[in-house]
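1 is the number of the first residue of the sequence shown in the UniProt record's numbering; add one for each residue after it. Note that CB positions come from ideal geometry on N, CA and C, so glycine has one too. Please read the structure below before turning to the comments.
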Amino acid sequence: CLLMTLQRIISTLANKNDEIQNFIDTLNHTLKGVQENSSNILSELDEEFDSLYSILDEVKESMINSIKQEQARKSQELQSQISQCNNALENAEELLEFATRSLDIKEPEEFSKAARQIKDSLSLKPKVSDNMTHLMVDFSQERQMLQTLKFLPVPKAPEIDPVECLVADNSVTIAWRMPEEDNKIDHFILEHRKTNFDGLPRVKDERCWEIIDNIKGTEYTLSGLKFDSKYMNFRVRACNKAVAGEYSDPVTLETKALNFNLDNSSSHLNLKVEDTCVEWDPTGGKGQESKIKGKENKVNLSYEQMIVYWFLSNKLLTHFETVLSEIFLFIYMTFTFYLLP
Numbered sequence: 001c002l003l004m005t006l007q008r009i010i011s012t013l014a015n016k017n018d019e020i021q022n023f024i025d026t027l028n029h030t031l032k033g034v035q036e037n038s039s040n041i042l043s044e045l046d047e048e049f050d051s052l053y054s055i056l057d058e059v060k061e062s063m064i065n066s067i068k069q070e071q072a073r074k075s076q077e078l079q080s081q082i083s084q085c086n087n088a089l090e091n092a093e094e095l096l097e098f099a100t101r102s103l104d105i106k107e108p109e110e111f112s113k114a115a116r117q118i119k120d121s122l123s124l125k126p127k128v129s130d131n132m133t134h135l136m137v138d139f140s141q142e143r144q145m146l147q148t149l150k151f152l153p154v155p156k157a158p159e160i161d162p163v164e165c166l167v168a169d170n171s172v173t174i175a176w177r178m179p180e181e182d183n184k185i186d187h188f189i190l191e192h193r194k195t196n197f198d199g200l201p202r203v204k205d206e207r208c209w210e211i212i213d214n215i216k217g218t219e220y221t222l223s224g225l226k227f228d229s230k231y232m233n234f235r236v237r238a239c240n241k242a243v244a245g246e247y248s249d250p251v252t253l254e255t256k257a258l259n260f261n262l263d264n265s266s267s268h269l270n271l272k273v274e275d276t277c278v279e280w281d282p283t284g285g286k287g288q289e290s291k292i293k294g295k296e297n298k299v300n301l302s303y304e305q306m307i308v309y310w311f312l313s314n315k316l317l318t319h320f321e322t323v324l325s326e327i328f329l330f331i332y333m334t335f336t337f338y339l340l341p
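Next comes the structure, spelled out in structure tokens:
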């Protein structure tokens with residue numbers, strides 16, 4: 001009894017050490033992931049801010065060009081007006097003579113045209129002002145918007161409900177729920193992989209996760225699976241329009257498979273059985289090395305068909321043996337009855 005207790009303690013310690021080592025491997029893998037993902041996020045952040053800087057530089061360049069163009073336009077207008085005034089001072093006598101001649105014009109239209117020309121020549125009002133306030137900017141709203149820049153909202157990790165999960169008929173149904181309602185969730189991503197270890201998923205010596213994307217509901221059924229491992233790991237994450245959230249805590253489900261093989265030693269004489277393949281041999285030469293083989297005699301059956309066929313064949317054989325026994329007993333009793341004196 002003491003030896004058995006000691007063996008159980010040693011087995012428990014060995015299993016615990018294996019779990020601790022797996023947990024250490026998981027922590028190291030997570031630490032490596034944090035470092036790699038942080039580096040990637042920093043690079044993406046630099047790219048996003050560089051893009052903003054580039055846009056701001058383009059807008060700044062465009063506004064500077066607008067101010068310079070406005071400056072050139074007004075300067076040209078004023079230079080032109082200054083030149084006209086200087087010419088007017090030099091040609092004052094010509095302007096007076098032109099005005100005197102204009103008094104003799106009889107046509108109203110011609111007189112008006114001459115009057116405007118004289119008025120423009122004597123105008124002392126600048127054609128443009130020095131006001132440039134229409135090109136001023138106010139980035140207070142944009143500045144507030146930039147100050148409110150923050151990281152994208154990330155969905156919380158879903159919770160897989162093992163009670164609602166089902167393993168049956170070479171299919172697995174996984175059900176999960178969100179810890180709180182989130183109407184911004186667009187879809188879910190389910191990941192699964194096969195394993196021969198119970199408990200938390202292992203980092204080393206494991207298969208890659210298989211991904212099922214764009215799941216709209218909180219339940220998904222994987223069908224047509226081949227249960228060639230003891231367990232399967234599952235995890236799920238929620239996604240909004242921008243990013244994917246954290247993975248749920250992984251869940252390990254046991255995938256029991258029906259390992260069915262037919263026994264050749266107890267089968268009918270005319271049946272050749274190899275694992276899941278049944279072949280009819282009309283010669284009844286069970287155990288012989290050479291048999292007549294034909295494609296028309298070879299039948300591949302499903303597990304259910306093999307069970308039914310095996311059951312019926314054994315039942316019929318047992319029934320046939322029972323009938324023969326009863327016939328021989330009847331014959332024996334009949335002869336005994338007639339032969340007795």
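| query | Since Ile-174 and Glu-219 are thought to touch, with beta carbons under 8 Å apart, how far apart are those beta carbons, to the nearest angstrom? | reply | Mapped onto the sequence shown, residue 174 falls at position 174. Mapped onto the sequence shown, residue 219 falls at position 219. With 8 Å as the limit, Ile-174 and Glu-219 qualify as a contact, their Cβ atoms being about 7 Å apart.
| message | Report the start-end ranges of each alpha helix (DSSP H) in the stretch 159 to 188 that is 4 residues or longer and not cut off at the edges. | response | Listed in chain order, nothing qualifies, since the stretch 159 to 188 has no complete alpha helix (DSSP H) run of 4 or more residues.
| request: Over the uninterrupted alpha helix (DSSP H) stretch that includes Leu-253, give me the two end residues. | output: Translated into the one-based positions of the sequence shown, residue 253 becomes position 253. Element bounds for Leu-253: not the alpha helix (DSSP H) but the beta strand (DSSP E), 251 to 254.
| request: Under 8 Å by Cβ, that's how I've got Asn-196 and Lys-230 pegged, so tell me the actual separation to the nearest angstrom. | output: Sequence index remark: in the sequence shown, residue 196 carries index 196 (1-based). Sequence index remark: in the sequence shown, residue 230 carries index 230 (1-based). Contact flag correct, Cβ pair sits at about 5 Å.
| Who are the Cβ neighbours of Val-154 in its own chain at under 6 Å, not counting the five residues just before and after it? | Position 154 of the sequence shown, counted from the first residue, corresponds to residue 154. If we look at Val-154 and ignore the five residues flanking it on each side, its Cβ neighbours are Val-243, Gly-245.
| request: Could you spell out where the beta strand (DSSP E) holding Leu-222 opens and where it closes? | output: The count along the sequence shown starts at 1 and reaches residue 222 at position 222. 219 to 222 is the span of the beta strand (DSSP E), which, as asked, contains Leu-222.
| request: Please say whether Ile-185 and Val-251 have beta carbons closer to each other than 7 Å? | output: Residue numbering aside, residue 251 sits at position 251 when the sequence shown is read from its first letter. Residue numbering aside, residue 185 sits at position 185 when the sequence shown is read from its first letter. Not closer than 7 Å, so no.
| What are the boundary residues of the beta strand (DSSP E) that Arg-235 is part of? | Start at 1 with the first residue of the sequence shown, and residue 235 comes out as number 235. It spans 231 to 239 - the beta strand (DSSP E) in which Arg-235 sits, taken as one unbroken run.
| CA-to-CA distance, Gln-141 to Ala-168, given in whole angstroms | To locate residue 168, count along the sequence shown from 1; it is residue 168. To locate residue 141, count along the sequence shown from 1; it is residue 141. If I take the Cα positions, the gap works out to 60 Å.
| query | Cα separation between Glu-191 and Arg-235? | reply | Here residue 191 is taken as the residue at index 191 of the sequence shown, counted from 1. Here residue 235 is taken as the residue at index 235 of the sequence shown, counted from 1. One Cα belongs to Glu-191, the other to Arg-235, and the distance between them is close to 5 Å.
| task | In the DSSP assignment, find the unbroken alpha helix (DSSP H) run with Leu-146 in it and report its ends. | result | Position 146 of the sequence shown, counting from 1, holds the residue named residue 146. Residues 140 to 147.
| query | For the candidate residues Ala-238, Asp-46, Ser-39, Val-128, whose alpha-carbon lies nearest to that of Lys-156? | reply | In the sequence shown, counting from the first residue as 1, residue 156 sits at position 156. Nearest option by C-alpha distance: Ala-238.
| Which residues mark the beginning and the end of the beta strand (DSSP E) in which Asn-196 is found? | Translated into the one-based positions of the sequence shown, residue 196 becomes position 196. Note, Asn-196: premise wrong, no beta strand (DSSP E); not H, not E.
| message | Less than 7 Å between C-beta atoms, sequence neighbours within five positions excluded: which residues of the same chain meet that for Glu-77? | response | Here residue 77 refers to the residue found at position 77 when the sequence shown is read from its first residue. Excluding sequence neighbours, Glu-77 sits near Lys-127, Val-128.
| Alpha carbon to alpha carbon, what distance is there between Ile-212 and Thr-221? | What you label residue 221 is simply residue 221 of the sequence shown in a count that begins at 1. What you label residue 212 is simply residue 212 of the sequence shown in a count that begins at 1. Approximately 11 Å between the Cα atoms of the pair.
| Run of the beta strand (DSSP E) containing Asn-131, from where it starts to where it stops | Residue mapping note: residue 131 aligns to position 131 of the sequence shown, counting from 1. Note, Asn-131: premise wrong, no beta strand (DSSP E); not H, not E.
| said: Can you look up Lys-295 in the DSSP assignment and give me helix, strand or coil? | reply: In the sequence shown, the residue the question calls residue 295 occupies position 295. Below a pLDDT of 50, predicted positions are generally treated as unreliable, and Lys-295, at 40, falls in that range; no measurement from the model is reported.
| By Cβ distance, which residues of its chain are closer than 8 Å to Asp-130, with the 5 residues on each side in sequence left out? | Position 130 of the sequence shown, counted from the first residue, corresponds to residue 130. Same-chain partners within the cutoff: Lys-74.
| query | For Asp-228, does the three-state DSSP call read helix, strand or coil? | reply | Here the question's residue 228 lines up with position 228 in the sequence shown. Correct three-state label for Asp-228: coil.
| task | Tell whether a beta-carbon distance below 7 Å holds between Pro-158 and Met-178. | result | To locate residue 158, count along the sequence shown from 1; it is residue 158. To locate residue 178, count along the sequence shown from 1; it is residue 178. In this structure, Pro-158 sits near Met-178, with a CB-CB distance shorter than 7 Å.
| field | CB contact flag (Asn-240, Arg-193, <7 Å) | value | The count along the sequence shown starts at 1 and reaches residue 240 at position 240. The count along the sequence shown starts at 1 and reaches residue 193 at position 193. No.
| Distance between beta carbons of Glu-58 and Leu-135, contact taken as under 8 Å | By 1-based counting over the sequence shown, the position of residue 135 is 135. By 1-based counting over the sequence shown, the position of residue 58 is 58. Actually they are not in contact, since the Cβ atoms of Leu-135 and Glu-58 sit about 17 Å apart, beyond 8 Å.
| query | Do you know how far the Cα of Tyr-53 is from the Cα of Ile-189? | reply | Within the sequence shown, residue 189 is the residue found at index 189, counting from 1. Within the sequence shown, residue 53 is the residue found at index 53, counting from 1. Cα to Cα, Ile-189 sits roughly 35 Å from Tyr-53.
| task | Report buried or exposed for Lys-272, applying the criterion of at least 16 other Cβ atoms within 10 angstroms of its Cβ. | result | Residue mapping note: residue 272 aligns to position 272 of the sequence shown, counting from 1. When all chains shown are included, Lys-272 counts as buried.
| said: Our contact map puts Trp-176 next to Ser-248 with C-beta atoms below 8 Å; I'd like the distance itself, whole angstroms only. | reply: Residue mapping note: residue 176 aligns to position 176 of the sequence shown, counting from 1. Residue mapping note: residue 248 aligns to position 248 of the sequence shown, counting from 1. Contact between Trp-176 and Ser-248 holds, with the beta-carbon distance rounding to 6 Å and staying under 8 Å.
| message | On the criterion of 16 or more Cβ atoms from any shown chain inside 10 Å, does Val-172 qualify as buried, or is it exposed? | response | Taking the first residue of the sequence shown as position 1, residue 172 is located at position 172. Buried.
| What residues in its chain sit with their C-beta under 6 Å from that of Lys-256, if we drop five residues either side in the sequence? | By 1-based counting over the sequence shown, the position of residue 256 is 256. Contacts found: none.
| query | Name the DSSP beta bridge partners of Ile-212, please? | reply | The count along the sequence shown starts at 1 and reaches residue 212 at position 212. Partner residues in the beta bridge of Ile-212, as assigned by DSSP, are Leu-190.
| How about Val-172: is its Cβ closer than 6 Å to a heavy atom in the ligand ZN? | You won't find the ligand ZN in this model; it holds no ligand whatsoever.
| query | With DSSP run on the structure shown, which of helix, strand or coil describes Lys-272? | reply | The residue given as residue 272 occupies position 272 in the sequence shown. Reduced to three states, the DSSP call for Lys-272 is strand.
| DSSP state of residue 361, grouped into three classes? | In the structure as shown, the chain starts at 1 and stops at 341, and residue 361 therefore has no counterpart that could be examined.
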